[in-house]
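Colleague:
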């Protein structure tokens, strides 16, 4: 138990600098804007007095480090500022839209794992066969396919022509689970394709490496069935890398969701951030980027800890 | 499997001219030849766009709005009655320029950073690597959107932003390579002869660390192309009336119910080009890495 706490402590300490740097990057986004940040934050129609107020409020008249401190302090207290357009609190805007993005991303991850992992296993165990070359070439296709183009084709075929799924929008998972699932199905499929390809490729090459090890031949010589070798020795050995890989897909899913949300007009944080970037609504842009990076970092921390707990080699080394 | 049979043959014939080696490689890797051919064709089309495009890209023929393909307009016309084929051809240079610009920026930022971090090592490596981890935690397109929004909307700024999001990937890769090469005996020997640090980095570490970078750079071209299409689709990239494949898809999407055929050509163009970059990258990975030949 003591060991477990030490492990948790170490991981948290490793993630702390990443967290600090990430917040610094989000804060730094505003510094990239040419000209006076107070002017950009005030929007186009602000009075001189309001600009001066903003300059003081955000501490733009102070050194950069102090500004960062003020911004971080506000952010830690859930204050990400107000939207320059709707004047709504940024936290509120994100809170309203985040569930829709998460719904599509999680759904896509489930679909991708359910298809990608078995495909990779199939290709690895039948390495060199027709199935293997089919999986490998389909995977190359999946990586190169623009997901939003696929989304458009899916929308045309299955919403507009066949009416199997609603074309646009989203529904709340907790009040209307069936509606939420049917709204999110096509976006999730479009989003999943690239991830399926990555997972299938990685599982294939990792598993192939394990299966080509010397001890696999020994196991076979001992009379173990192929199934037992695959499940007890092959997949168990790749499970740790697989978990890490899945964790890494989270930021890719968020990336893809931005564009997919535009195609299906889903009111999520992705459409929020692109709309806000076009309209120079910087507090919203910063807020969304901050929330997404925090989610990615937390998921990876979580995956990291789980992997460490599952893998005796990692636990032993701490 | 076949590589095992080939190995003794390669040992037996140690010297071949560069040209014949190249020919042999071409025959052994049809995929690479096809991709290179396609990409060269695309470059040619990009430069010859004004000559080979049947119409100027912004030429309007108001009697033909969203017309289906016919003898005059092979791929039909768009919602502003412009020839789709011509816009597809004029979109090629924009899309290629965008991909190369983004990757160039990524190399310019990432490679020197990785070299320095790996070479200096110690606590500097610790801190810099955590910073790279932090950058890699951002969803790339989201970060690119935010940076584009801050720099100002447009194709060049969008691709600077995409390049910026790639740079940490390359930096991490180059750092790892540098760490390996740094401890090689010939580096020690060179230092023993009194070579300066820049000399060691430039003459010994860079050439030996660069191979996996070349592969990643080729693969990154595909990712950059897809990113350009995505950003232009979100109207953060190329601005009208300039043609780009992503922008064409965005327009086509608005008329998906009336003219669904509009979206196929630009989508195929993006898919094929990304496939070609990926196939080339994979072929180079195999060609450059002897341990990959077994698989």
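Protein chains in written order, with the working numbering: chain A, 78 to 395; chain B, 74 to 368. From the three backbone atoms N, C-alpha and C, an ideal C-beta is built for every residue, glycine too. Note that the structure is predicted; figures quoted are calculated from it, not measured.
(1) Using C-beta distances below 6 Å, list every residue in its chain close to residue 209 of chain B, excluding the 5 sequence neighbours before and after it, in chain order.
(2) Quick check on this structure: which residue in B/340, B/192, B/337 and B/201 has the alpha carbon closest to the alpha carbon of residue 260 of chain B?
(3) Between the region 221-233 of chain A and the region 302-316 of chain A, do three or more beta carbon pairs fall short of 8 Å?
(4) Among B/203, B/348 and B/326, which one has its Cα closest to the Cα of residue 90 of chain A?
(5) Quick one: Cα of residue 269 of chain B to Cα of residue 278 of chain B, how far?
(6) By the 10 Å Cβ neighbour count, where 16 or more other Cβ atoms means buried, how is residue 153 of chain A classified, buried or exposed?
(7) Just the C-alpha distance for residue 263 of chain B and residue 360 of chain B, rounded to the nearest angstrom, thanks.
(8) Identify every residue that forms a DSSP beta bridge with residue 166 of chain A.
(9) On the DSSP bridge assignment, give the partners of residue 150 of chain B in chain order.
(10) From the beta carbon of residue 360 of chain B, is the nearest beta carbon of chain A less than 8 Å away?
(11) Which residues of chain B have a Cβ atom closer than 9 Å to the Cβ of residue 217 of chain A, listed in chain order?
(12) What is the DSSP secondary structure of residue 241 of chain A, reduced to helix, strand or coil?
(13) Taking three-plus beta-carbon pairs below 8 Å as touching, is the region 246-253 of chain A in contact with the region 282-300 of chain A?
(14) Let me check you understand the geometry: is the CB of residue 207 of chain B closer than 7 Å to at least one non-hydrogen atom of the ligand MN?
(15) Between which residues of its own chain and residue 104 of chain A is the CB-CB distance below 6 Å, once the five residues before and five after are set aside?
(16) For the 8 Å Cβ check, are there 3 or more pairs between the region 161-168 of chain B and the region 124-144 of chain B?
(17) Between the region 171-187 of chain B and the region 329-346 of chain A, can you find at least three pairs of beta-carbon atoms closer than 8 Å?
(18) Please decide whether residue 328 of chain A counts as near chain D, where near means a Cβ-Cβ distance under 8 Å.
(19) Answer with yes or no whether the minimum CB distance from residue 142 of chain B to chain A is below 8 Å.
(20) Tell me which same chain residues have a C-beta within less than 6 Å of the C-beta of residue 205 of chain B, skipping the five on either side of it?
(21) Quick one: Cα of residue 321 of chain B to Cα of residue 108 of chain B, how far?
(22) If you measure between the beta carbons of residue 318 of chain A and residue 283 of chain A, is that distance less than 8 Å?
(23) Using a Cβ-Cβ cut-off of 8 Å, state whether residue 328 of chain B counts as contacting chain A.
(24) Assess, as a yes-or-no matter, whether the region 154-161 of chain A is touched by the region 227-236 of chain A under the definition of 3 or more beta carbon pairs within less than 8 Å.
(25) Taking the alpha helix (DSSP H) that residue 138 of chain A belongs to, which residues open and close that run?
(26) If you draw a straight line from the C-alpha of residue 325 of chain A to the C-alpha of residue 377 of chain A, how long is it?
(27) Output the boundary residues of the alpha helix (DSSP H) element that contains residue 330 of chain B.
(28) For the region 162-181 of chain B against the region 289-300 of chain B, do three or more pairs of beta-carbon atoms, one drawn from each stretch, fall closer than 8 Å, so that the two count as touching?
(29) Looking at residue 265 of chain A and residue 185 of chain A, is the spacing between their C-beta atoms short of 8 Å?
(30) If you measure from the beta carbon of residue 84 of chain A to each beta carbon in chain B, is any gap under 8 Å?
(31) Is DSSP giving residue 122 of chain A helix, strand or coil here?
(32) Residues of chain A with CB under 8 Å from residue 210 of chain B, in chain order?
(33) In its own chain, which residues sit with a C-beta less than 6 Å from the C-beta of residue 316 of chain B, not counting the 5 before and 5 after it?
(34) Taking DSSP as the reference, what is the three-state secondary structure of residue 174 of chain A?
(35) Where are the alpha helix (DSSP H) runs, 4 residues long or more, that stay fully inside the region 222-265 of chain B, in chain order?
Modeller: Considering the structure as presented:
(1) Here residue 209 of chain B is taken as the residue at index 136 of the second chain, counted from 1. Contacts found: 241.
(2) Counting from 1 along the second chain, the entry for residue 260 of chain B is found at position 187. Comparing Cα positions, the closest option is B/192.
(3) no
(4) As a first step, residue 90 of chain A must be located in the first chain, where it is residue number 13. Residue 90 of chain A has its Cα closest to that of B/203, out of B/203, B/348 and B/326.
(5) Here residue 269 of chain B corresponds to residue number 196 of the second chain, with the count starting at 1. Here residue 278 of chain B corresponds to residue number 205 of the second chain, with the count starting at 1. Their backbone Cα atoms lie some 13 Å apart in a straight line.
(6) Counting from one through the first chain, the residue named residue 153 of chain A turns up at place 76. By the 10 Å Cβ count, residue 153 of chain A comes out exposed.
(7) Walking along the second chain from the start, residue 263 of chain B turns up at place 190. Walking along the second chain from the start, residue 360 of chain B turns up at place 287. Taking the straight line from one Cα to the other gives about 29 Å.
(8) Counting from one through the first chain, the residue named residue 166 of chain A turns up at place 89. Answer by DSSP bridge pairing, in chain order: A/159.
(9) Taking the second chain and counting its residues from 1, one reaches residue 150 of chain B at position 77. According to DSSP, which records beta bridges pairwise, residue 150 of chain B is partnered with B/156.
(10) On the second chain, position 287 is the one that residue 360 of chain B refers to. No, its Cβ sits nowhere closer than 8 Å to a Cβ of chain A.
(11) Within the first chain, the letter at position 140 stands for residue 217 of chain A. Those within 9 Å of residue 217 of chain A in chain B are 348, 351, 352 and 355.
(12) Working through the first chain from its first residue, we reach residue 241 of chain A at position 164. In this structure, residue 241 of chain A counts as coil in the three-state DSSP scheme.
(13) no
(14) Although the ligand MN was asked about, the structure shown includes no ligands whatsoever.
(15) As a working note, residue 104 of chain A is residue 27 in the first chain. Hits under 6 Å: 145 and 148.
(16) yes
(17) no
(18) Among the protein chains of the structure shown, namely A and B, there is no chain D.
(19) By one-based count along the second chain, residue 142 of chain B stands at place 69. Residue 142 of chain B does not count as touching chain A.
(20) The residue labelled residue 205 of chain B in the question sits at position 132 within the second chain. Around residue 205 of chain B: 241, 244 and 245.
(21) Looking up residue 321 of chain B in the second chain gives position 248. Looking up residue 108 of chain B in the second chain gives position 35. Going from the Cα of residue 321 of chain B to the Cα of residue 108 of chain B covers about 24 Å.
(22) Working through the first chain from its first residue, we reach residue 318 of chain A at position 241. Working through the first chain from its first residue, we reach residue 283 of chain A at position 206. Yes.
(23) Here the question's residue 328 of chain B lines up with position 255 in the second chain. No, residue 328 of chain B does not count as interfacial toward chain A.
(24) no
(25) What you label residue 138 of chain A is simply residue 61 of the first chain in a count that begins at 1. That residue, residue 138 of chain A, is in no alpha helix (DSSP H); it is neither H nor E in DSSP.
(26) Locating residue 325 of chain A in the first chain gives position 248, counting from the first residue. Locating residue 377 of chain A in the first chain gives position 300, counting from the first residue. C-alpha separation (whole angstroms): 7 Å.
(27) Walking along the second chain from the start, residue 330 of chain B turns up at place 257. From DSSP, residue 330 of chain B is part of no alpha helix (DSSP H); its letter is neither H nor E.
(28) yes
(29) One-based indexing of the first chain puts residue 185 of chain A at position 108. One-based indexing of the first chain puts residue 265 of chain A at position 188. Contact: yes.
(30) In the first chain, the residue the question calls residue 84 of chain A occupies position 7. Not an interface residue.
(31) In the first chain, the residue the question calls residue 122 of chain A occupies position 45. Residue 122 of chain A: coil per DSSP, three-state reduction.
(32) As a first step, residue 210 of chain B must be located in the second chain, where it is residue number 137. In chain order: 95, 99, 328, 370, 373, 374 and 377.
(33) In the second chain, the residue the question calls residue 316 of chain B occupies position 243. Same-chain partners within the cutoff: 130, 160, 163 and 164.
(34) For the purposes of this step, residue 174 of chain A is taken as the residue at position 97 of the first chain. If DSSP states are grouped into helix, strand and coil, residue 174 of chain A belongs with the helices.
(35) 228-255 and 258-265
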